[in-house]
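Here the structure comes first, spelled out in structure tokens, and everything after it is commentary.
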Amino acid sequence: MNFVVPDFYPAAAEIFVAVMALVIMLASTFARRIASNLAYILAQGTLIVAALITVVTMDSEITLTFSSMFVSDLLGDFLKLMIYFAVAIGLLYGRGYLADRSMDRPEYYLLTVLMTLGMMVMVTSNHMLSLYIGLEMMSLALYAMVAFDRDSVRSTEAAMKYFVLGALASGMLLYGMSMIYAATGSLDFGGVAESIYHQSANKTVLTFGLVFVMAGVAFKLGVVPFHMWVPDVYHGAPSAVTLMIATAPKLAAFAMALRLFVFGLFDLAEHWQTMMLFLAVLSIILGNIAAIAQTNIKRMLAYSGISHMGFVLLGLLAGVVNGDQHFALNAYSSAMFYAVAYVVMSLASFGMVILLSRAGFEAENIDDFKGLNKRNSWFAAMMMIVMFSMAGIPFFIGFFAKLAVLQAVVAAGHIWLAVLAVIMSVIGAFYYLRVVKVMYFDEPEDAAPLHAAPDIRVMLSANGLAIAVFGLFPQGLMSLCAYALMASL
Amino acid sequence: MTGMPLLSLAIWIPILGGLLVLATGSDRNAPLARYLALTVAFLGLVVTIPLWMLFDTSTSAMQFVEFAPWVPRFNINYQLGVDGISMLFVVLNAFITVIVVIAGWQVIQDKVAQYMAAFLIMSGLMNGIFSALDGILFYVFFEASLIPLYLIIGIWGGANRVYAALKFFIYTLVGSLLMLVALLYLFMESGGSFNILTWHQLPLAIGPQTLIFWAFLIAFAVKVPMWPVHTWLPDAHVEAPTGGSVVLAAIALKLGAYGFLRFSLPIVPDAAHAMAPLMITLSLIAVVYIGFVALVQTDMKKLVAYSSIAHMGFVTLGFFMFNALGIEGALVQMISHGFVSGAMFLCIGVLYDRMHSRNIADYGGVVKTMPKFAAFFMLFAMANAGLPGTSGFVGEFMVVLGAVQFDFWVAFFAATTLILGAAYTLWMYKRVIFGRIGNDHVAQLDDIGSREFAFLALLALCVLAMGLYPFPFTEVMHASVDELLRHVAVSKL
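Residue numbers (my numbering), protein chains in the order written: chain P, 1 to 489; chain F, 1 to 493.
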């Protein structure tokens, strides 16, 4: 047996982040006094340097390494950059919040970095096992982060729920993967695809496995009927952690879906598209209707997130029409654009929740936004932009995300699906408008000035304005998504 | 033609100016916000005047065209242009914006900068609607214009403002999102183009045509509003501040009607012909039934709101008879209604500012304390009733003539508007203005000041000018309307 040294270069960013995780662990052990500040700075530095490494090693060629368990392509690089970006902003928003609640312990930043590493492994995996390892790494870090406020009953309960259901989903995913292995004799996506293409796989076992894999992915995306954990975890977790859960992991889960279904199981598209159709329709309906009943803004955003993930699935299921793969690129890049747009909006929305919170006070209820226009009209305008963008009103990025996905759906001939999606969007507009209503039409109940560090204020403003700017000029981001996908397929 | 991108200026001067006004911030800078807003509104008006002056009346082609790629990935272009149908609305909109800024000068003391900014931004967006030649660009402006009006009604409105604002928003959104699906379908059918003029030439089978017609109908009927989806309008009008009502009546209602001419008739002409009986019936119900509803109103604003619905019923009636008199009459009616309904709401605003009541029963004998005001109100009330010599007469008369060509019974029912309109408007006028002085509050009323005099006089001039010499208005429409009728007469099947 001869040992071949793998090519480490394409995985430079992952290796760097892994090393930095250890550095942060050690540094925070030895420099106790400044541990949390140091860990924060190191974590942010890690993300920035990792981004630089990713940019430097970026290559439009598709490179496989580590016995083709790892793939370096533009899709992975693009999503990794978005993930660093989202995590870095999430850290920045959460810092003051955590400090106010004495939760800014170095372990938090360590977990964040590990979570990032897990997501990076997910988006660059070319093999079911590496995908699974990345997923578990991300999830375990997130479970711990949800429970980070260890004295809070609600947080621990949420973490427990998340953990048990997450473990169940992981189990299903693994079970499905083993079925696919049984049918195709291969675990890397290329091999699976080839085996299915040559019709050498056992169809029954394969489809059976597909169902389980789909359930696992649906859980991670948080779509109906695998959404039960989403509102409780969003609600129970400290807002800074909710922000983390609601942003970058969605991109990672999207990448997981893309790698598994498009790179591995593309020739079964007819099957998984039908499953996604049900998931998407249920998510859009239930997410939007359940959100109306919420008084807690974190729960409302959780349900709204469910419906947004339904829209992402709408994009994914419009790829193959009666065996014609002509629309695939357009559909998948629309879905990707939607996911990226959602992350940008989600960051800003939870950023606002954190902005309004202060020591001893959680701005969790929609009523806590009352009269924000009178208290601070600038941030009221930012929140309004986020809400209208999520509702899909132009000139904001959410509109073009919806347009892209609906366009793909109509092109695939599912006009009734587009009609259903827009009707549900109207219902969705109702609860987004309610937030605008309390901010602008109601009198403030809480006259306390906003208590937030300048860096959060600047970043949140930039985040809000980005939603408007990308809404006015969506072309760049859209073509980036399309180009990254095209170069990787 | 000039090399200036006039339409872009007409759109972006108010929007960017509005953002600038917003930047003046708190109410300590209110005077600055007011003067800045007036300057911006005036500039916005100035750039639209060349549109009319330099308009080439001999052609039906789009003029002042601008083109730039916007989102090449979906072939969405920033494509602007006006023809005889849309040009006047851009000018009207810019004009009304100036009036609204002046009208809100003293009345609004709370969050002045936001108020002025909302109106300016909305004005720019509505110019965008009238001049967009790209389906998505149209849609984007159409939807975005909901936001400022939602805020205007919700922030500065009356007691039940939240309900009214939400109802307004949701009603309009339902319609416009279905339109989005229709636009995407047309995009696909036309092989990847959002160009409205390309869609005009696109052959379509009757099945898709009917569905597209319905999608557009829901979008535009809500906006017009046509019976039976009109119920949001009285609520929105009653709760909105005066400026909001003026813009709503004078411009926002025209968007739906304009949509019929730009989208429904030329893109799906066969479905439009097939649906014409339905449309005419709905229009006549609006004219007759809503006319009676207006008669029994006790709230002045509600009365004028219902009269707007009836007048807009006249407009849709004119469109769906497919003759030149009908369509031109409807267009004239739209412009005239812009002046007259705007003026009516301003007059009610003048009374409301003094008495804080819109109830007809709270007034009586106002002529004795406010004679100058009573004179203006008289003129506008007469115009609303369609008295010859005022702008209200021209459009109604043309539509009735068109209806006579079309069908006697349609003309018969349409003509009842002349009686009903006179009945509800003049009866209200009589109860508010004439008679004995109703109560002590009326006895202490001050007559209109110079600012109020200025905007009422300006509108009175427009109403009279258009009534006595409508030629400059109809002249610009001929070529475009003729072309539209020729186009609609050819089947696309």
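The C-beta atom is built at its ideal place from N, Cα and C for all residues, glycine as well.
_For a cutoff of 8 Å on Cβ pairs, would you count F:Y163 as touching chain P?_
For F:Y163, the answer is no, since every Cβ of chain P falls outside 8 Å of its Cβ.
Review point. Is the shortest distance between the beta-carbon of P:A487 and the beta-carbons of chain F less than 8 Å?
Key: Chain F, which has no Cβ nearer than 8 Å to the Cβ of P:A487, makes this no.
At a Cβ cut of 7 Å, what residues of the segment 419-450 of chain P count as close to chain F, listed as they run along the chain?
V419, V422, S425, V426, A429, F430, L433, K437, Y440 and F441
Exercise. Less than 8 Å separating the beta-carbons of F:K254 and F:F89?
Worked result: yes
**OP:** Could you confirm whether any beta carbon from chain P is found closer than 8 Å to the beta carbon of F:L19?
**Re:** Closer than 8 Å: no.
Check the Cβ of F:Y78 against every Cβ in chain P and list those closer than 7 Å, keeping chain order. Result: empty, since nearest Cβ-Cβ is about 11 Å, beyond 7 Å.
Notebook entry, point to check: Hey, which unbroken runs of the alpha helix (DSSP H) at 4 residues or more fall wholly within the segment 405-487 of chain F?
Noted result: 408-433, 440-443 and 450-468
Margin query: Taking the beta carbon of P:W416 as the centre, do at least 16 other beta carbons fall within 10 Å, making it buried, or is it exposed?
Written below: Classification of P:W416: exposed, given that the 10 Å Cβ count is below 16.
Practice prompt. Hey, could you find the ends of the beta strand (DSSP E) F:L204 is sitting in?
Written response: First-last for F:L204: undefined, no H or E at that position.
Are the segment 252-271 of chain P and the segment 115-122 of chain P touching, with three or more C-beta to C-beta distances below 8 Å?
yes
Specify, as a first and last residue, the run of the alpha helix (DSSP H) that P:A462 falls within.
-> Looking at the DSSP string, the run of the alpha helix (DSSP H) that includes P:A462 is P454 to L472.
How is the alpha helix (DSSP H) around P:V312 delimited, first residue to last?
I297 to L316
Give me the residue from F:P5, F:L151 and F:L177 with the minimum Cα distance to F:F216. F:L177
key: Neighbouring residues, chain P, relative to F:G154 (Cβ below 7 Å)   = K437, Y440 and F441
Exercise for the section: For chain F, find out if any of its Cβ atoms is closer than 8 Å to the Cβ of P:F395; answer yes or no. Expected result: yes
Does any residue of chain F have a CB that is nearer than 8 Å to the CB of P:F388? yes
* To do: May I ask you to verify whether the segment 36-52 of chain F touches the segment 13-20 of chain F, counting CB pairs closer than 8 Å and requiring at least 3?
  => Cβ pair count under 8 Å is three or more, so yes.
Separation of P:M58 from P:L52, as counted between CA atoms
Going by the C-alpha atoms only, they are around 10 Å apart.
- Query: According to DSSP, which residues form a beta bridge with P:L451?
  - Reply: The identity of residue 451 of chain P in the sequence shown is His, whereas the question assumes Leu. Note: P:H451 sits in no beta bridge, so no partner.
Check your understanding: Between P:V17 and P:L117, which are expected to be in contact by the criterion C-beta below 8 Å, what is the C-beta distance as a whole number of angstroms?
Key -> 5 Å
* May I ask which residues mark the beginning and end of the alpha helix (DSSP H) holding F:Y352? => A324 to M355
Check your understanding: Which residues in the same chain have their Cβ closer than 7 Å to the Cβ of F:V332, if we skip the five residues on either side of it in sequence?
Key -> If the five residues before and after F:V332 are omitted, its C-beta is found closer than 7 Å to the C-beta atoms of V394, G395, M398, P470, F473 and T474, all from its own chain and listed in chain order.
Original post:
In terms of residue numbering, what span does the beta strand (DSSP E) encompassing P:S102 cover?
Top reply: Note, P:S102: premise wrong, no beta strand (DSSP E); not H, not E.
Residue burial classification, F:W70 (beta-carbon count within 10 angstroms, cutoff 16): F:W70 counts as buried, since no fewer than 16 other beta carbons sit within 10 angstroms of its beta carbon.
**Asked** How about the segment 77-97 of chain P and the segment 131-144 of chain P: do they share at least three Cβ pairs that are nearer than 8 Å?
**Response** no
Cross-chain neighbours of P:M478 in chain F, by beta carbon under 9 Å: V71, R73 and F74
Beta-carbon proximity list for F:T48, same chain, < 6 Å, skipping 5 on both sides: A10, V90, V91 and A94
ask   = Are three or more beta carbon pairs between the segment 333-352 of chain P and the segment 462-469 of chain P nearer than 8 Å?
value = At 8 Å Cβ cutoff, the stretches touch.
- Does the segment 334-346 of chain P touch the segment 301-312 of chain P, meaning 3 or more C-beta pairs lie closer than 8 Å? yes
Going along chain P, which residues have a C-beta under 8 Å from F:A144? I393, P394 and F395, listed in chain order.
Q) Considering only residues of the same chain and omitting the five flanking positions on each side of P:S28, which have a CB-CB separation below 6 Å? A) A35, A39 and P106
Practice item. Just tell me which of P:V230, P:V436, P:G236 and P:H235 has its CA closest to the CA of P:P503. Key: With chain P represented from 1 up to 489, any question about residue 503 of chain P goes unanswered, as that position is not in the structure.
Take P:P10 as the anchor and find which of P:A21, P:V56 and P:R33 has the nearest alpha-carbon. P:V56
Would you call F:F434 buried or exposed, if buried means 16 or more other Cβ atoms sit within 10 Å of its Cβ?
exposed
request  = Starting from P:V71, follow its DSSP beta bridges and name the residues at the other end.
outcome  = DSSP lists P:L64 as partners of P:V71.
State the DSSP-derived secondary structure class of P:G360, mapped to helix, strand or coil. coil
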